[in-house]
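Engineer: Each residue of the sequence shown is one higher than the one before, starting from 357 at the first, in our numbering.
Quick reminder that beta carbons are idealized off the backbone N, C-alpha and C, glycines included.
Given the structure is predicted, the values throughout are model-derived calculations rather than measurements.
Below are the structure tokens for one structure; questions will follow.
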Amino acid sequence: MTPVSARPAAPVRTYGDLVVDVRAGALGPDPRTLRIAVAFTTRQAVRHDGRGTGYRNEVLSLRLAEAVGSCAVEPGELPDGALDDCVGADVATLLGHPLPAVRVAALDAYLMHVAPHTPQHGARSVALPAGSSLEKSRARARAVVELLDLPDGGTVLVVGVVNSLLEALRSRRLGYVPCDLKGGVTEWGEPVVADALAAAGSCDALLVSGMTLGNGTFEPLRAHALRHGKQLVLFAQTGSAVLPRFLGHGVTAVCAEPYPFFWLDGGPGVVHRYSCPEGER
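Here it is in structure tokens:
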């Protein structure tokens, strides 16, 4: 993995600090002057060929000029009126919305607008080949797992269970502890723990979904990684433009995947990777 020194901006200390900076116009235009033109949800159910289990996704997305910001939610969690709240509203208002998903999607849209995923902002694009949903899932998983720098036998806490990521970790001879708020078992019958922070202590690195922004678990995990000097790699459809802001402050690397996501189309796709120079991890 070749690190890059460019960043979307200087890292921030906490998620709350980032919101304060955006509200103050410290990172770009005054968010009170920018309005959301389009709000939409994307709902998906999937069961890949050869897999014994399936899952569902639901994502709220907000369009700001050329940018789309997104936040995943638990299926059925988002009230119908959320879209009406967002359309035509200014970003500053939505940053104070009572629903966390709206707040995160608005922040993501704003930051995507001011610092899109380009080399000038530190992004390295990785092409995903055309293929079936499973083929594209595995290609994305390889792009994510390559950001981990661990020797054989290391153990990774995986927050947000994605079977293709678990496969990719096994191919790297890495152990893992799967974690999801819903608990349950993996495709291979492995128990899924529900308390990520409790499990983090026994793991060498953290591989974490951007969904943690929406459910409030990102900050404790970031603080744990920072306090213990562990790698924290994020795979982000939720908050893909938000999470690179924490590089060098608890976050080691991000695989950012803005809308449209790999599971929406069988054609070629792209993800954008960010990483810290070695000395700043």
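1) Is it buried or exposed for LYS586, if we count other Cβ within 10 angstroms and need 16 for buried?
2) What distance in whole Å lies between the Cβ atoms of GLY425 and ASP464, which are believed to be in contact at a cut-off of 8 Å?
3) Among all the DSSP beta bridges, which residues are the ones paired with THR511?
4) Thinking just about the alpha-carbon of each residue, which of GLY437, LEU455, ARG391 and LEU450 is nearest to the one in GLY572?
5) Any idea if HIS584 is buried or exposed, counting beta-carbon neighbours within 10 angstroms, 16 or more meaning buried?
6) Please report the distance separating the alpha-carbon of LEU420 from that of VAL394.
7) Taking only three categories from DSSP, how would you classify ALA461?
8) Can you tell me which residues form a DSSP beta bridge with ASP446?
9) Where does VAL526 fall in DSSP's three states?
10) Considering only the beta carbon of each residue, do ASP446 and ARG498 sit closer than 7 Å?
11) Nearest CA to the CA of GLY531: which residue from GLY540, THR398 and LEU521?
12) Please work out which residues of its chain come closer than 6 Å, Cβ to Cβ, to PHE617, disregarding the five sequence neighbours upstream and downstream, and give them in chain order.
13) Could you check the C-alpha separation between ARG640 and VAL589 for me, to the nearest Å?
14) Between the alpha carbons of VAL402 and ARG412, how many angstroms are there, rounded?
15) Quick check on CYS632: does DSSP put it in helix, strand or coil?
16) Would a C-beta distance cut-off of 7 Å place CYS427 and LEU416 closer than the cut-off?
17) So, does the segment 542–553 touch the segment 599–607, judging by three or more C-beta pairs under 8 Å?
18) Checking the sheet assignment: what are the DSSP bridge partners for LEU588?
19) Report the three-state DSSP secondary structure of VAL518 (helix, strand or coil).
20) Is it buried or exposed for SER493, if we count other Cβ within 10 angstroms and need 16 for buried?
Structural biologist: From the atom records:
1) buried
2) Separation of the CB atoms of ASP464 and GLY425 is rounded to 3 Å, and the pair is thereby assigned contact status at 8 Å.
3) GLY531
4) LEU455
5) exposed
6) Near 8 Å, if we compare the C-alpha coordinates of VAL394 and LEU420.
7) helix
8) ARG391
9) For the sequence presented, residue 526 should be read as Arg rather than Val. Helix.
10) no
11) LEU521
12) GLN593
13) The requested residue 640 does not occur in the structure, where the chain is confined to residues 357 to 637.
14) Looking at the two C-alpha atoms, the distance is approximately 6 Å.
15) Looking at CYS632 - three-state DSSP - the assignment turns out to be coil, as it is neither helix nor strand.
16) yes
17) No, the segment 542–553 is not in contact with the segment 599–607.
18) Its beta-bridge partners are LEU562.
19) DSSP places VAL518 in coil when its eight states are reduced to three.
20) buried
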